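K.L.:
Okay, here's the structure, questions in a sec.
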Amino acid sequence: MSSTTRYDVTAWPVGNAAEDIGEVINSIIADVKRRQAASAVRDGGKPGAVIYIPPGDYRLRTQVLIDVSFLRIEGSGHGFTSSSIRFNVPEEEWPDLHELWPGGSRIIVDIAAGSGEEQSAGAAFLVKRTGSPRISSVEFSNFCIDGLHFVADGSDLHPENTYVNGKTGVYVASANDSFRFNGMGFVYLEHALTIYNADALSIHDNFIAESGNCIELRGWGQASKVTDNLIGAGPKGYSIYAENHGGLLVTANNVFPRGRSSVHLKSVTRSSVTNNRLHSFYPGMVILEANASENLIASNHLLRDREPWAPFLHVDNGRDDVFGLLLIEGSNNSVIGNHFSEVVDSLKLRPEGATPVIVRLVEGGGNYLASNHVVALDVRATSGESAFDAQVDALLATAESQTLDVFTVLVEPTSTSNTILDSGTAAQIALDAAANAFRPTPTIG
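Numbering of the sequence shown is given in this note's numbering, commencing with residue -10 and proceeding in unit increments.
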């Protein structure tokens, strides 16, 4: 038995980590609790432990239950690689690929929530503890959680492209404090991270992509941050979602284009979405709903263009082009210094002949929009069989395009007392000038 607070899953005498790492980690946590039973010894008593996962493939057939504070689970490589690209390569080409699966310190999730079961039943890691104080300082670092396969969902999509499988990477069910997710890889999970009631949470420098939903901050929370991540959800799910949060910082993330939204804030107040690069194939990139108020949306680059990869050409998120790239239902938000690029084919707008909307104020008032720059281009859409080549070609293409007519700002009658400065010409902004303050961007000549 280990006599230290550092454990190696491959050296632990209970279970076989390669066959069921869940059984092994649960046994280690039980040992930590046995060794650290006293709550007060020499001004301490429960320092917690580190559980180390060496590089390798580890099946998880038993859900891990974490109910101790100060636990760090770490590996030696996030192991992320695109399973989606591989699954959309003809199978006869697989023998020529350098590798087929994610790697590093990789946990393969072999459990899933069945029909009618709670989402938590399909979580590889369930964090749950009652009583006081809140569970604190649980860390996940530098390993991969892989859902392996998606499954058919009744649509005409290839089963590996549905983003559905009932699997969750980490589900935090209890109120928590100072959790950290650093350097992780999450791939092919219906839900990567679902976290309830977080205080001072840090989600930093992770690869969270090719999952139905990437980051879901639910319940309530405060003073947390989502920073420097590479993120990409599926067309039915969230890339970054938060509800009932205050003081949330969403900064320096690179959000990939296939998620239903890039950043979705519901009843979130006094928070910041700054310096992110957001890319989407659909309208509704950033949504502030349910009286989301006093938030700062600043210095972000938002690109909306068309899906160029053949397997997903007919997939969308169900929103039309008048929905808005940024939609606001709330008051006293600041939208300052953002760059919007709308690069679409006017022949494929929905509804036909519509004028796309960039920023749409739906409800609330007192919002402040200033110095936002909009580039709107009409391009003929192209596609390709290679995900990498098709998307890079689309990103780099700026020639052979014409100006696209858009509403840079559209203010609904239900939103009043807003201030819009230098965020579009007089012809590009639709509002009631008697109910809102307005200064257009000057035009040449």
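All residues carry an ideal CB built from backbone N, CA and C; glycine is no exception.
The structure presented is a predicted model; accordingly, all values stated were derived computationally and were not measured.
Answer yes if the stretch 252 to 265 comes into contact with the stretch 295 to 302, meaning at least three C-beta pairs across the two stretches below 8 Å, and no otherwise.
P.N.:
No, they do not touch.
K.L.:
Can you look up D421 in the DSSP assignment and give me helix, strand or coil?
P.N.:
Numbered from 1 along the sequence shown, position 432 holds the residue referred to as residue 421. Three-state result, D421: coil.
K.L.:
Quick check: the stretch 399 to 414 against the stretch 347 to 356, are at least 3 beta-carbon pairs closer than 8 Å?
P.N.:
yes
K.L.:
Considering only DSSP beta bridges, list what V21 is partnered with.
P.N.:
Position 32 of the sequence shown, counted from the first residue, corresponds to residue 21. V21 pairs with nothing; no bridge assigned.
K.L.:
Taking the DSSP output, what are the residues bridged to N264?
P.N.:
Position 275 of the sequence shown, counted from the first residue, corresponds to residue 264. The partner list for N264 (beta bridge, DSSP) is empty, contrary to what the question assumes.
K.L.:
With a threshold of 16 other CB atoms inside 10 Å of the CB of D310, please say whether the residue is buried or exposed.
P.N.:
What you label residue 310 is simply residue 321 of the sequence shown in a count that begins at 1. That one is buried.
K.L.:
Any idea what DSSP makes of A11, helix, strand or coil?
P.N.:
Residue numbering aside, residue 11 sits at position 22 when the sequence shown is read from its first letter. A small fix is needed here, since residue 11 is Gly in this sequence, not Ala. It is helical.
K.L.:
Taking V304 as the reference, which of S58, S144 and P79 has the closest Cα?
P.N.:
Along the sequence shown, one-based indexing puts residue 304 at 315. Residue S144 is the option with its Cα nearest to V304.
K.L.:
Rounding to the nearest angstrom, what Cα-Cα distance links L285 and Y357 in this structure?
P.N.:
Here residue 285 is taken as the residue at index 296 of the sequence shown, counted from 1. Here residue 357 is taken as the residue at index 368 of the sequence shown, counted from 1. Distance from the CA of L285 to the CA of Y357, rounded to the nearest whole angstrom, comes to 10 Å.
K.L.:
Measuring only the C-alpha atoms, how far is G174 from N131?
P.N.:
The residue you call residue 174 lines up with position 185 of the sequence shown. The residue you call residue 131 lines up with position 142 of the sequence shown. For G174 and N131, the distance between alpha carbons rounds to 7 Å.
K.L.:
Just to confirm, is the Cβ distance from G396 to A419 under 8 Å?
P.N.:
Taking the sequence shown and counting its residues from 1, one reaches residue 396 at position 407. Taking the sequence shown and counting its residues from 1, one reaches residue 419 at position 430. Checking the sequence shown, residue 396 turns out to be Phe, not Gly. Cβ atoms of F396 and A419: closer than 8 Å.
K.L.:
Tell me which residues share the same chain as R61 and place their Cβ nearer than 6 Å to its Cβ, disregarding the 5 neighbours each side in the sequence.
P.N.:
Within the sequence shown, the letter at position 72 stands for residue 61. So the qualifying residues of the chain are V39 and E128.
K.L.:
Would you call P431 buried or exposed, if buried means 16 or more other Cβ atoms sit within 10 Å of its Cβ?
P.N.:
Looking up residue 431 in the sequence shown gives position 442. Per the 10 Å Cβ criterion, exposed.
K.L.:
Going by beta-carbon coordinates alone, are A222 and R249 separated by less than 8 Å?
P.N.:
By one-based count along the sequence shown, residue 222 stands at place 233. By one-based count along the sequence shown, residue 249 stands at place 260. It is a contact, given that the beta carbons lie within the stated cut-off.
K.L.:
Assuming N280 and S256 form a contact by the criterion Cβ under 8 Å, report the distance between their Cβ atoms to the nearest whole angstrom.
P.N.:
For the purposes of this step, residue 280 is taken as the residue at position 291 of the sequence shown. For the purposes of this step, residue 256 is taken as the residue at position 267 of the sequence shown. Cβ-Cβ separation between N280 and S256: approximately 6 Å, consistent with a contact (criterion under 8 Å).
K.L.:
Looking only at C-alpha atoms, which of N243, G103 and D394 sits nearest to G155?
P.N.:
Locating residue 155 in the sequence shown gives position 166, where the first residue counts as 1. Looking at the Cα atoms, G103 is the closest of the given residues.
K.L.:
Can you look up Q391 in the DSSP assignment and give me helix, strand or coil?
P.N.:
Walking along the sequence shown from the start, residue 391 turns up at place 402. Q391 falls in the strand class under three-state DSSP.
K.L.:
Would you check if the distance between the CB atom of G64 and the CB atom of G33 is smaller than 8 Å?
P.N.:
As a working mapping, residue 64 is identified with position 75 in the sequence shown. As a working mapping, residue 33 is identified with position 44 in the sequence shown. Taking 8 Å as the Cβ cut-off, G64 and G33 do not qualify as a contacting pair.
K.L.:
Measure how close the beta-carbons of I204 and L219 come, nearest whole angstrom, since I'm counting them as under 8 Å.
P.N.:
Within the sequence shown, numbered from 1, the residue matching residue 204 stands at position 215. Within the sequence shown, numbered from 1, the residue matching residue 219 stands at position 230. That belief does not hold up - the Cβ atoms of I204 and L219 are roughly 12 Å apart, past 8 Å.
K.L.:
Would D166 and S125 be called neighbours here (beta carbons separated by less than 8 Å)?
P.N.:
The residue labelled residue 166 in the question sits at position 177 within the sequence shown. The residue labelled residue 125 in the question sits at position 136 within the sequence shown. Yes, these two residues count as a Cβ contact at 8 Å.
K.L.:
Can you tell me which of the three DSSP states D85 falls into?
P.N.:
Reading the sequence shown from its first residue, position 96 is the one you call residue 85. Three-state result, D85: helix.
K.L.:
Run the CB neighbour count on R247, radius 10 Å, all protein chains shown included, and call it buried at 16 or more, exposed below.
P.N.:
Position 258 of the sequence shown, counted from the first residue, corresponds to residue 247. So R247 ends up on the buried side.
K.L.:
Just to confirm, are V51 and E12 a CB contact at a threshold of 8 Å?
P.N.:
Within the sequence shown, the letter at position 62 stands for residue 51. Within the sequence shown, the letter at position 23 stands for residue 12. Here the sequence assigns Thr to residue 51, which means Val is not the residue at that position. The answer is yes: Cβ separation under 8 Å.
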